[in-house]
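First up is the structure itself, then whatever we jot down about it.
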Amino acid sequence: MKPNRFDGELSSVARLFLSVSVTVVALASLMGAAGAATGNMLLLKLHPYLFFIGFGNLAILILNRYLTAAIYPELKIDPAKQLRYILTVQLSLVMITVAVTMDWPILKAMTGLLLMIVVTGPLREIFTTLSVPKIWKEVSVRYYIFDVLFLLVANLGLFTLGLKEAFPDQKIIPFFVTQSSYFLGSSFPLSISVMGFLYTYAWSRSSKRELAKRLFSLWFYIFVGGVLVFLIVILAEYYLGMMLLSHFLLFGVMALLGSFAIYLNNFFHTKFHHPALAFLLSGLALLFATSGYGIMNIYFLKGIHFGTVPPLRFDRMWIYHSHTHAALLGWITFSFIGMIYIVIPSIVRTNSLETLRSEMALSALLGEPVMKKAFKQLTVLLLSATAILLAFFLENNLLLGVAGFFYGCSVYYVTFNLRGDIKTV
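For reference, each letter of the sequence shown is one residue, going 21 to 445 in my numbering.
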């Protein structure tokens, strides 16, 4: 049952994380939908900040820490500290809302500074508890730790973006600090966490786990290194480098998608239909779409300087919007909903991380009705996400608004679906 007040239990924080994080994603989606349908520029400007600041920080500070601590128990979780993280992120959402609404860039910078301070806490705990060789020993932990580092850099980007907007005539802050680069940088931590999760709860448990370990170790260097080099070639406006890297990463995503589809087919035939894995497969499919739109985006980017607003010609902006939304509403959100369907029930049922550490993490922790409803939720999400991408191509704001509304409601449905089975609210 729902506690009347915070009782200091791990499960209580997990419930709160579920409620707040899902609400943030749903609210950002509904605000974007309303902005598209009504032409309200404030809503259109504000909703991506809510997504990245709210969901981005919560996912890495809370969910990512569960996954890391499940592998290394010495990284103890302090529920009271996690509660402070959640409250601080909520405060930052209020701050950024006021900053964007009132056009106060200094407050935007202060939001970034606050979040930077918050993220240094988990980083300090990790590197004072675990040695670098121990971190490098576990493939998935490499992904999780780099996510926290990327999140720190992303919050630094928000801080410098606010300063640049407040003092536009100052030349100290580099030219590449823009809203686009901040949003781009904020998406990487979330992406890398999903890769670590896929390895931990899928490939590492397969019959060919040694091969999977080697391939995912290699993919870590390709994916993380490729992302970093890609940022450099974008800033250098090196067109050939952008094209080569984007195609190289696309082939990697294709291999990941194909192999996971085979894994999922075997899992469903030998065990049961796990909705979380279906969400993760759908996320990978939309990552493939993201990569394809990204290549199209680069093709039409030729001759346009980085930081130009808009980043593409007006008649090609549907490609840019499709690329970003396939990544955020597709790859990242679909994948994290799948992770939530595994992680939250595992924690709430035992008030510990023991299930996540065992082979039971992919067992039927949820009742049959909940799993069936999760598949229905996935169907609505896929249809609404597809309609959103179609709306960008057709430049139909009404379709965009309606599809975004259904998408936001479908995201929020995860709280209702889990409520009856694990009594999360």
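For each residue, glycine too, the CB sits at the ideal point set by N, CA and C.
Original post:
Which first and last residues belong to the alpha helix (DSSP H) in which residue 115 is found?
Top reply: Sequence index remark: in the sequence shown, residue 115 carries index 95 (1-based). That run of the alpha helix (DSSP H) goes 99-122.
Original post:
So, using beta-carbon positions, are residue 423 and residue 394 closer together than 9 Å?
Top reply: Position 403 of the sequence shown holds residue 423. Position 374 of the sequence shown holds residue 394. No; because the gap between Cβ atoms is not below 9 Å, this pair is not in contact.
Subject >> residue 475 - containing alpha helix (DSSP H), residue span >> reply: Coverage of the chain is limited to positions 21 through 445, which leaves residue 475 absent and any answer about it impossible.
**OP:** Return yes when at least one heavy atom of the ligand COA lies under 8 Å from the C-beta of residue 369, else no.
**Re:** As for the ligand COA, it is missing from this structure, which has no ligand bound.
**OP:** Would you mind stating whether residue 438 and residue 390 have Cβ atoms separated by less than 9 Å?
**Re:** As a first step, residue 438 must be located in the sequence shown, where it is residue number 418. As a first step, residue 390 must be located in the sequence shown, where it is residue number 370. Yes.
Original post:
With DSSP run on the structure shown, which of helix, strand or coil describes residue 65?
Top reply: To locate residue 65, count along the sequence shown from 1; it is residue 45. Correct three-state label for residue 65: helix.
Subject >> 7 Å CB neighbourhood of residue 343 in its chain, flanking five on each side removed >> reply: Counted from its first residue, the sequence shown places residue 343 at position 323. Closer than 7 Å at Cβ, skipping near neighbours: 310, 313, 314, 317.
Subject >> Among 38, 433, 236, 145, the one whose alpha carbon lies nearest that of residue 212 >> reply: Counting from 1 along the sequence shown, the entry for residue 212 is found at position 192. The option with the nearest alpha carbon to residue 212 is 236.
Original post:
residue 298 and residue 261: beta carbons closer than 9 Å?
Top reply: Taking the sequence shown and counting its residues from 1, one reaches residue 298 at position 278. Taking the sequence shown and counting its residues from 1, one reaches residue 261 at position 241. Result no, Cβ atoms of residue 298 and residue 261 do not sit closer than 9 Å.
Subject >> Ordered list of alpha helix (DSSP H) runs contained in the region 50-96, each at least 4 residues >> reply: 61-70, 84-91
Original post:
Sorted by chain position, which residues of the same chain lie with C-beta nearer than 8 Å to residue 89's C-beta, five sequence neighbours on each side aside?
Top reply: Numbered from 1 along the sequence shown, position 69 holds the residue referred to as residue 89. If we look at residue 89 and ignore the five residues flanking it on each side, its Cβ neighbours are 95, 96, 97, 373.
**OP:** Give the range of the alpha helix (DSSP H) segment to which residue 293 is assigned.
**Re:** Counting from 1 along the sequence shown, the entry for residue 293 is found at position 273. Neither: residue 293 is in no alpha helix (DSSP H) and is coded neither H nor E.
Original post:
Whose CA, out of 133, 174, 276, 379, lies closest to the CA of residue 197?
Top reply: The count along the sequence shown starts at 1 and reaches residue 197 at position 177. Answer by Cα proximity: 174.
Original post:
Could you give the distance in angstroms between the alpha-carbon of residue 249 and the alpha-carbon of residue 269?
Top reply: Taking the first residue of the sequence shown as 1, we reach residue 249 at position 229. Taking the first residue of the sequence shown as 1, we reach residue 269 at position 249. Roughly 12 Å between the two C-alpha positions.
**OP:** Please classify residue 21: does DSSP put it in a helix, a strand, or coil?
**Re:** Here residue 21 is taken as the residue at index 1 of the sequence shown, counted from 1. Unreliable positioning characterises residue 21 in this predicted model, as indicated by a pLDDT of 37, which lies under 50. The coordinate reading is nonetheless provided below. Correct three-state label for residue 21: coil.
Original post:
Based on Cα-Cα distance, which residue from 171, 128, 158, 114 lies nearest to residue 140?
Top reply: Position 120 of the sequence shown, counted from the first residue, corresponds to residue 140. The shortest C-alpha separation from residue 140 is found at 171.
**OP:** Specify whether the region 288-302 and the region 350-368 touch according to this definition: at least 3 beta carbon pairs, one from each stretch, less than 8 Å apart.
**Re:** yes
Original post:
So, residue 412 versus residue 338, is the Cβ gap smaller than 9 Å?
Top reply: In the sequence shown, residue 412 corresponds to position 392, counting from 1. In the sequence shown, residue 338 corresponds to position 318, counting from 1. Yes; because the gap between Cβ atoms is below 9 Å, this pair is in contact.
Subject >> Stretch-stretch touch, CB-based, cutoff 8 Å, three pairs: the region 372-388 with the region 213-231 >> reply: yes
**OP:** Select from 52, 57, 103, 245 the residue whose C-alpha is nearest the C-alpha of residue 36.
**Re:** Taking the first residue of the sequence shown as 1, we reach residue 36 at position 16. Closest option to residue 36, Cα to Cα, is 103.
**OP:** Express the C-alpha separation of residue 354 and residue 433 in angstroms, rounding to a whole number.
**Re:** As a working mapping, residue 433 is identified with position 413 in the sequence shown. As a working mapping, residue 354 is identified with position 334 in the sequence shown. So the two alpha carbons sit approximately 13 Å from each other.
Original post:
Looking at the structure shown, is residue 322 part of a helix, part of a strand, or coil, going by DSSP?
Top reply: For the purposes of this step, residue 322 is taken as residue 302 along the sequence shown, with counting starting at 1. If DSSP states are grouped into helix, strand and coil, residue 322 belongs with coil.
Original post:
Are residue 44 and residue 62 touching if we call contact CB-CB under 9 Å?
Top reply: In the sequence shown, the residue the question calls residue 44 occupies position 24. In the sequence shown, the residue the question calls residue 62 occupies position 42. Not closer than 9 Å, so no.
**OP:** Could you tell me the boundaries of the alpha helix (DSSP H) in which residue 218 lies?
**Re:** Residue mapping note: residue 218 aligns to position 198 of the sequence shown, counting from 1. Start and end: 199-221.
Subject >> Own chain residues within Cβ distance below 7 Å of residue 340, not counting five before or after >> reply: Translated into the one-based positions of the sequence shown, residue 340 becomes position 320. The residues are 317, 331, 332.
**OP:** Ignoring anything shorter than 3 residues or poking outside the region 390-427, list the beta strand (DSSP E) runs there in chain order.
**Re:** none
Original post:
Got a sec? Which residues, its chain only, sit under 6 Å from residue 163 by beta carbon, not counting five neighbours each side?
Top reply: Start at 1 with the first residue of the sequence shown, and residue 163 comes out as number 143. So the qualifying residues of the chain are 212, 215, 216.
Original post:
Are residue 82 and residue 112 touching if we call contact CB-CB under 9 Å?
Top reply: Residue numbering aside, residue 82 sits at position 62 when the sequence shown is read from its first letter. Residue numbering aside, residue 112 sits at position 92 when the sequence shown is read from its first letter. No.
Original post:
How about residue 182 and residue 125: are their beta carbons less than 9 Å apart?
Top reply: Sequence index remark: in the sequence shown, residue 182 carries index 162 (1-based). Sequence index remark: in the sequence shown, residue 125 carries index 105 (1-based). Yes, Cβ-Cβ distance for residue 182 and residue 125 is below 9 Å.
**OP:** Check each candidate in 292, 177, 106 and name the one with the smallest Cα separation from residue 388.
**Re:** As a working mapping, residue 388 is identified with position 368 in the sequence shown. If we check each option's Cα against that of residue 388, 292 comes out closest.
**OP:** Assuming residue 305 and residue 277 form a contact by the criterion Cβ under 8 Å, report the distance between their Cβ atoms to the nearest whole angstrom.
**Re:** Position 285 of the sequence shown, counted from the first residue, corresponds to residue 305. Position 257 of the sequence shown, counted from the first residue, corresponds to residue 277. About 6 Å; that satisfies the 8 Å criterion.
Original post:
Going by beta carbon distance, what residues of the same chain come within less than 8 Å of residue 24, once the five residues before and after it are set aside?
Top reply: Taking the first residue of the sequence shown as 1, we reach residue 24 at position 4. Residue placement at residue 24 is poorly supported in this model, since its pLDDT is 44, which falls under 50; the coordinates are not used for a value here.
Subject >> Reduced DSSP secondary structure (H/G/I, E/B, other) of residue 194 >> reply: Numbered from 1 along the sequence shown, position 174 holds the residue referred to as residue 194. Residue 194 falls in the coil class under three-state DSSP.
Original post:
Between the beta-carbon of residue 54 and the beta-carbon of residue 320, is there less than 9 Å?
Top reply: Within the sequence shown, numbered from 1, the residue matching residue 54 stands at position 34. Within the sequence shown, numbered from 1, the residue matching residue 320 stands at position 300. The answer is no: Cβ separation not under 9 Å.
Original post:
What is the C-beta distance between residue 272 and residue 243, in whole angstroms, given that I count them as a contact (C-beta under 8 Å)?
Top reply: On the sequence shown, residue 272 is found 252 positions in, with the first residue counted as 1. On the sequence shown, residue 243 is found 223 positions in, with the first residue counted as 1. Yes, they are in contact, since the Cβ atoms of residue 272 and residue 243 sit about 7 Å apart, within 8 Å.
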